[in-house]
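Q: Here the working numbering is used: the first residue of the sequence shown is 4, the next is one more, and so on.
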Amino acid sequence: MEYVKKFETPPRTTLKRSIIIFIGNVLGIYLISFFGLGVKISYFDDIAFLVIFISIINALLWPLLTRIFMPFLVFTFGFGSLILNGILLELFAPMFDIEITGLAIILAPLAMAFVTTFLSSLLTIEDDASYYRSVFRDAKKKRKGKVKEYPGLIIVEIDGLAYDVLREALDKDLMPTVKSLIEDKTHTLRKWETDLSSQTGASQAGILHGNNTDITAFRWIEKANNNEMMQCSGVSKVKILEERISDGNGLLVDDGASRSNLFSGDTDNVIFTFSKILNIKKLYNKAWYSVFSNPSNFARILSLFIAEMILEIISQIKHSVMNIKPRIKRGIAYIVVRAATNVFMREINTSTLVGDMLIGDVDVAYSTYLGYDEIAHHSGVRDEDSWFALKGMDKQIRHLVNATKYTPRDYQFVIQSDHGQTNGATFMQRYGESFEDFVKSLLPKDMKMFAKMSSNEDHYAESFIPFTKNNDDRIDEKEMEELGDSEVIVLASGNLAMIYLTQWSHRLTYEEINEFLPELIPGIINNEYIGFIVVKSSEHGNLAIGKNGTYYLDSDKIEGENPLEGFGENIARHIKRNVSFQYTPDILVNSFYDAENDEVCAFEELVGSHGGAGGSQSEPFILYPSDWDIGSDEILGAENIYKILKSNLKNLKEGAADDK
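#1: Applying the 10 Å Cβ sphere with the 16-neighbour rule, what's the burial state of Ile400?
#2: Which of the three DSSP states is assigned to Asp632 in this structure?
#3: Starting from the N-terminal side, write out each stretch of the beta strand (DSSP E) that is 3 residues or longer and does not extend beyond the stretch 503-575.
#4: What do you get for Glu439, buried or exposed, if any count of 16 or more other CB atoms within 10 angstroms of its CB means buried?
#5: Is it right to say Ile103 is buried, meaning 16 or more other beta carbons lie within 10 angstroms of its own, or is it exposed?
#6: DSSP puts Ser603 in a beta bridge; with which residues?
#7: Determine whether the beta carbon atoms of Thr355 and Pro623 lie at a separation below 8 Å.
#8: If you measure between the beta carbons of Val404 and Leu648, is that distance less than 8 Å?
#9: Helix or strand or just coil, what does DSSP make of Met233?
#10: Distance, Cα to Cα, Lys448 vs Phe441?
#11: Under 7 Å Cβ to Cβ from Ser201, same chain only, skipping five residues before and after it: list those, please.
#12: Looking only at its chain, what residues have a beta carbon closer than 8 Å to the beta carbon of Phe330, apart from the 5 residues adjacent to it on each side?
#13: Can you say whether Ile320 is buried or exposed, counting buried as having 16 or more other CB atoms within 10 angstroms of its CB?
#14: Which residue from Glu564, Ala495, Thr69 puts its Cα closest to that of Met232?
#15: Rounded to a whole number of angstroms, what is the C-alpha to C-alpha distance between Asp250 and Gly497?
#16: If we count the other Cβ atoms within 10 Å of its Cβ and call it buried at 16 or more, is Gln666 buried or exposed?
#17: So for Ala220, helix, strand or coil by DSSP?
#18: The beta strand (DSSP E) with Arg193 in it runs from where to where?
#19: Got a sec, what are the start and stop residues for the beta strand (DSSP E) Ala208 sits in?
#20: Report the option in Met360, Ala107, Glu531 whose CA atom is closest to the CA atom of Met431.
#21: Quick one: what does DSSP say Gln415 is sitting in, helix, strand or coil?
#22: Going by alpha carbons, who is nearest to Tyr3 out of Val159, Ile109, Phe25, Ile57?
#23: Under a three-way DSSP split, which group does Gly259 fall into?
#24: Which of helix, strand or coil does DSSP assign to Lys147?
#25: Met431 lies in the alpha helix (DSSP H); which residues open and close that run?
#26: Can you give the Cα-Cα distance for Tyr375 and Met98, rounded to whole angstroms?
#27: Please confirm if the stretch 248-265 is in contact with the stretch 212-230, defined as three or more CB-CB distances below 8 Å between the two stretches.
#28: What is the residue span of the alpha helix (DSSP H) that Met348 lies within?
#29: Distance, Cα to Cα, Leu110 vs Ala310?
#30: Please state if the CB of Cys235 and the CB of Thr203 are separated by a distance shorter than 8 Å.
#31: Are the CB atoms of Gly27 and Val118 within a distance shorter than 8 Å?
#32: Among Ser558, Ala379, Ile536, which one has its Cα closest to the Cα of Asp162?
#33: Exposed or buried, what is Asn229 when buried is set at 16 or more other beta-carbons lying within 10 Å of its beta-carbon?
#34: According to DSSP, what are the bridge partners of Phe639?
#35: If you follow the alpha helix (DSSP H) that Thr410 is part of, which residue opens it and which one closes it?
#36: Would the C-beta of Phe295 count as close to the ligand GDP, meaning under 7 Å from any of its heavy atoms?
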């Protein structure tokens with residue numbers, strides 16, 4: 004049966020939106036003229052006639068222009084669309100006695116979109132149908148074959164959102180779309196538990212490939228490979244990691260799509276996917292058409308980008324004036340990073356997913372939304388900035404859910420997170436000294452140390468760095484030399500730290516460390532901000548040691564106070580698996596956890612952190628269709644999320660076959 008659906012928009016909404024677009028475009032051009040930025044007009048009325056004429060030209064020519072110039076638009080990350088719009092304005096403006104020159108070629112279309120977006124937000128005008136219409140126009144032409152009869156699956160990952168924080172957002176009515184899915188009983192919300200390494204690299208390896216073995220933390224040292232430092236970021240490093248973990252049967256291997264992920268899930272249909280981003284050919288993907296199908300869409304995204312930067316500047320001032328604590332120095336660069344993750348990547352994800360759905364060829368798509376995680380790191384897990392990010396995220400989910408009104412096949416949705424975050428003042432803020440300096444104070448003075456404490460690169464800020472093999476972790480020659488000469492390497496992953504004693508090629512035992520460096524272990528475990536360390540004893544096997552007790556992991560016996568108390572019922576299980584990996588550090592260190600306030604202390608300078616054990620960071624969520632059977636057992640570890648998604652994806656296909 005041929006697929007036909009209408010984009011239903013109430014006439015009043017259509018009229019309001021048309022008026023707003025018209026007024027916004029006219030005011031945008033006028034503002035550029037008023038400030039003398041390259042637009043000269045004789046009469047105000049001329050702008051109105053130009054706007055009407057350009058609207059007609061765009062309706063006629065833009066589909067053709069996007070087909071011809073799509074590679075140009077993609078490789079310029081959308082700025083080419085501003086140039087094309089500006090050229091059209093420059094070409095036809097003289098017909099209306101208007102002159103457009105210089106930077107106005109870019110500023111004019113940007114100002115038009117900015118004012119229109121501002122007015123639409125101010126007057127709360129939302130027209131979902133217009134959001135899809137331009138993509139839908141050519142969807143049938145792009146479809147590869149017949150419409151598939153079984154449902155597809157869209158998996159949305161909200162990076163870093165903990166189960167309990169989501170619950171709070173729902174109670175505050177900040178996410179009405181998600182709330183309606185639960186209240187209408189179409190979806191079921193459950194908590195799941197990460198592995199010990201509660202960070203994107205370990206979780207996405209497990210979710211997308213069903214295998215996160217040997218991913219000890221965000222960053223680790225491989226003694227067997229000449230002390231090479233590996234991490235879950237850096238385009239060539241992530242490529243190597245995917246080659247290690249993939250068996251060719253990833254979550255997205257069959258007609259799948261990867262949007263803004265670390266790993267590909269074994270699909271070649273990728274956009275902003277780290278493991279395959281070095282392949283420039285894969286950057287150009289026809290899914291980009293949905294981003295540029297509307298001539299003003301990128302300008303709208305850029306205007307939202309600028310607005311987000313302004314919000315961040317206001318937030319930094321507010322946090323400083325109100326003395327909100329814990330607080331870290333965010334800096335100028337972060338202003339751009341926040342806008343990139345919470346606006347640019349968000350809008351690209353949604354646009355391409357909507358395009359995937361309207362065309363209908365994709366069976367399963369997985370997309371990571373980064374904004375909340377990035378903001379929670381810098382502002383706090385429950386800060387107003389973070390709540391605002393979740394409100395914006397809910398709008399994206401609404402766009403996706405509403406798109407099913409116009410799709411040629413049914414699509415089901417899973418919304419989930421890869422880990423949570425736990426708030427808290429950092430180790431440096433509490434102790435008055437950085438963790439690496441603290442460790443150094445426990446070592447002989449002549450012992451050379453290398454430390455790398457930032458793990459925030461797992462949030463894709465590097466996506467905007469030129470795609471070269473030399474940008475892996477931004478280690479300069481001096482750092483490489485220090486790394487090679489070091490005898491002790493200290494690395495951080497949120498509130499989890501790894502200490503490698505690289506003079507020795509094997510993992511040192513507890514007894515050996517005490518013999519060679521007698522002050523190190525006692526000094527660490529007696530620090531009030533340390534929860535426990537993990538070392539391997541030649542006599543007793545793996546030990547979790549705290550200030551007042553020891554947990555014998557191999558026998559599950561406890562001597563004195565249990566150092567793992569408060570870190571969750573399954574913490575021993577997670578540690579046992581982690582220390583079985585071949586790149587386990589000589590000493591693994593986890594910060595303390597304050598259960599009353601749900602706080603840890605990160606070993607890097609972040610307000611909200613994740614990477615180790617303690618609190619909400621280990622408790623993400625999964626919201627799945629209520630008719631799915633995922634059992635009643637606890638969901639432990641990211642690899643089990645892969646199994647749930649993979650089996651139910653199979654059921655969707657087999658269920659359609661059984662119905663015939």
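Virtual Cβ for every residue (Gly too), placed ideally from N, Cα, C.
The structure displayed is predicted, hence computed values, not measured ones.
A: Let me spell this out:
#1: For the purposes of this step, residue 400 is taken as residue 397 along the sequence shown, with counting starting at 1. So Ile400 counts as buried.
#2: Translated into the one-based positions of the sequence shown, residue 632 becomes position 629. Here Asp632 sits in coil by DSSP.
#3: 533-540, 544-548, 552-555, 560-563
#4: On the sequence shown, position 436 is the one that residue 439 refers to. Buried, by the Cβ-count rule.
#5: As a first step, residue 103 is located in the sequence shown; it is residue number 100 there, counting from the start. Answer is buried; the Cβ neighbour count reaches 16.
#6: Taking the sequence shown and counting its residues from 1, the one referred to as residue 603 is at position 600. With the sequence shown as reference, residue 603 is identified as Val, and Ser is not the correct amino acid for it. Per DSSP, Tyr596.
#7: Taking the sequence shown and counting its residues from 1, the one referred to as residue 355 is at position 352. Taking the sequence shown and counting its residues from 1, the one referred to as residue 623 is at position 620. No. Outside cutoff.
#8: Residue mapping note: residue 404 aligns to position 401 of the sequence shown, counting from 1. Residue mapping note: residue 648 aligns to position 645 of the sequence shown, counting from 1. The answer is no: Cβ separation not under 8 Å.
#9: As a first step, residue 233 is located in the sequence shown; it is residue number 230 there, counting from the start. Here Met233 sits in strand by DSSP.
#10: Against the sequence shown, residue 448 aligns to sequence position 445. Against the sequence shown, residue 441 aligns to sequence position 438. For Lys448 and Phe441, the distance between alpha carbons rounds to 12 Å.
#11: In the sequence shown, counting from the first residue as 1, residue 201 sits at position 198. Closer than 7 Å at Cβ, skipping near neighbours: His422, His613, Gly614, Gly615, Gln620, Ser621.
#12: On the sequence shown, residue 330 is found 327 positions in, with the first residue counted as 1. Per the sequence presented here, residue 330 reads as Arg, with Phe not at that position. Cβ neighbours of Arg330 beyond the five flanking positions: His322, Ser323, Val610.
#13: Counted from its first residue, the sequence shown places residue 320 at position 317. By the 10 Å Cβ count, Ile320 comes out exposed.
#14: Taking the sequence shown and counting its residues from 1, one reaches residue 232 at position 229. Nearest of Glu564, Ala495, Thr69 to Met232, Cα basis: Ala495.
#15: As a working note, residue 250 is residue 247 in the sequence shown. As a working note, residue 497 is residue 494 in the sequence shown. Roughly 29 Å separates the two Cα atoms.
#16: Residue numbering for the chain in the displayed model covers 4 to 663; residue 666 lies beyond these limits and cannot be assessed.
#17: Within the sequence shown, numbered from 1, the residue matching residue 220 stands at position 217. Taken through DSSP and simplified to helix, strand or coil, Ala220 comes out as coil.
#18: Taking the first residue of the sequence shown as position 1, residue 193 is located at position 190. Where Arg193 is concerned, the enclosing beta strand (DSSP E) stretches over 190-194.
#19: Taking the first residue of the sequence shown as 1, we reach residue 208 at position 205. Per DSSP, Ala208 belongs to no beta strand (DSSP E); it is in the alpha helix (DSSP H), 203-212.
#20: Working through the sequence shown from its first residue, we reach residue 431 at position 428. For the residues Met360, Ala107, Glu531, the minimum Cα distance to Met431 belongs to Glu531.
#21: As a working note, residue 415 is residue 412 in the sequence shown. Gln415: strand per DSSP, three-state reduction.
#22: Past the edges of the chain, shown from 4 to 663, lies residue 3, and the structure says nothing about it.
#23: Translated into the one-based positions of the sequence shown, residue 259 becomes position 256. Correct three-state label for Gly259: strand.
#24: Position 144 of the sequence shown, counted from the first residue, corresponds to residue 147. Coil at Lys147, not helix or strand.
#25: As a working note, residue 431 is residue 428 in the sequence shown. Met431 -> alpha helix (DSSP H) spans 430-434.
#26: Position 372 of the sequence shown, counting from 1, holds the residue named residue 375. Position 95 of the sequence shown, counting from 1, holds the residue named residue 98. C-alpha separation (whole angstroms): 47 Å.
#27: These segments touch.
#28: Working through the sequence shown from its first residue, we reach residue 348 at position 345. Residues 348-362.
#29: Reading the sequence shown from its first residue, position 107 is the one you call residue 110. Reading the sequence shown from its first residue, position 307 is the one you call residue 310. Using only the alpha carbons, I get a separation of about 15 Å.
#30: In the sequence shown, the residue the question calls residue 203 occupies position 200. In the sequence shown, the residue the question calls residue 235 occupies position 232. Yes; because the gap between Cβ atoms is below 8 Å, this pair is in contact.
#31: One-based indexing of the sequence shown puts residue 118 at position 115. One-based indexing of the sequence shown puts residue 27 at position 24. Against a cut-off of 8 Å, the Cβ pair of Gly27 and Val118 comes out as a contact.
#32: Taking the first residue of the sequence shown as position 1, residue 162 is located at position 159. Checking every option, the nearest Cα to that of Asp162 belongs to Ala379.
#33: For the purposes of this step, residue 229 is identified with residue 226 of the sequence shown, where counting begins at 1. Classification for Asn229: exposed.
#34: Taking the first residue of the sequence shown as 1, we reach residue 639 at position 636. Inspection of the sequence shows that residue 639 is occupied by Leu rather than by Phe. Paired residues: Glu196.
#35: Position 407 of the sequence shown, counting from 1, holds the residue named residue 410. Premise fails: Thr410 is in no alpha helix (DSSP H) and is neither H nor E.
#36: With respect to the ligand GDP, the structure offers nothing, as it holds no ligand at all.
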